[in-house]
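Taking my numbering, the leading residue of the sequence shown gets 566, the next gets one more, and so forth. One structure is given here, and the rest of the page talks about it.
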Amino acid sequence: MSTLEDLVIHYRLARATFPDAGADDLAEVILSRLSTDEWLTLVGSRPRDCADDSGGGVRELAKEQVYRFVWAMGQDDVLLIEEEDEDFT
Numbered sequence: 566m567s568t569l570e571d572l573v574i575h576y577r578l579a580r581a582t583f584p585d586a587g588a589d590d591l592a593e594v595i596l597s598r599l600s601t602d603e604w605l606t607l608v609g610s611r612p613r614d615c616a617d618d619s620g621g622g623v624r625e626l627a628k629e630q631v632y633r634f635v636w637a638m639g640q641d642d643v644l645l646i647e648e649e650d651e652d653f654t
């Protein structure tokens, strides 16, 4: 599977498990389920510029990318709900 497919699966699982969680909390849940290799895939070549010995720089960059993904998925959820509401009015 690609990292995008993994993110979609993790997003759906996290959203189902924590339906009231905000984007930041969902990003943390998803990030905790991804491997370090997947973090590196998310951040591309940037880790060389900012990674520290503990890997914190890579994690923070990956979290930023996951947060953006979660936010975008949340926007799609809102649009789908609005479309469903329009169908019933």
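Just so it is clear, CB atoms sit at the ideal spot from N, CA and C, and this is done for glycine as well.
Secondary structure of residue i, DSSP reduced to three states
i, result
"Asp-585", "coil"
"Leu-626", "helix"
"Ser-597", "helix"
"Gly-639", "helix"
Same chain, Cβ closer than 6 Å to residue i, neighbours up to 5 away in sequence not counted
i, result
"His-575", "Ile-595, Arg-598"
"Leu-607", "Ala-627, Gln-630"
Own chain, CB closer than 8 Å to residue i, minus 5 neighbours either side, in chain order
i, result
"Asp-571", "Leu-599, Glu-603"
Whole-angstrom C-beta distance between residue j and residue i, which should lie under 8 Å
i, j, result
"Tyr-632", "Ala-581", "About 19 Å separates the two Cβ atoms, so there is no contact after all."
"Ala-579", "Leu-569", "Not confirmed; about 15 Å, so no contact."
Sequence-distant residues of the same chain with beta carbon closer than 7 Å to residue i, five excluded per side
i, result
"Trp-636", "Ala-588"
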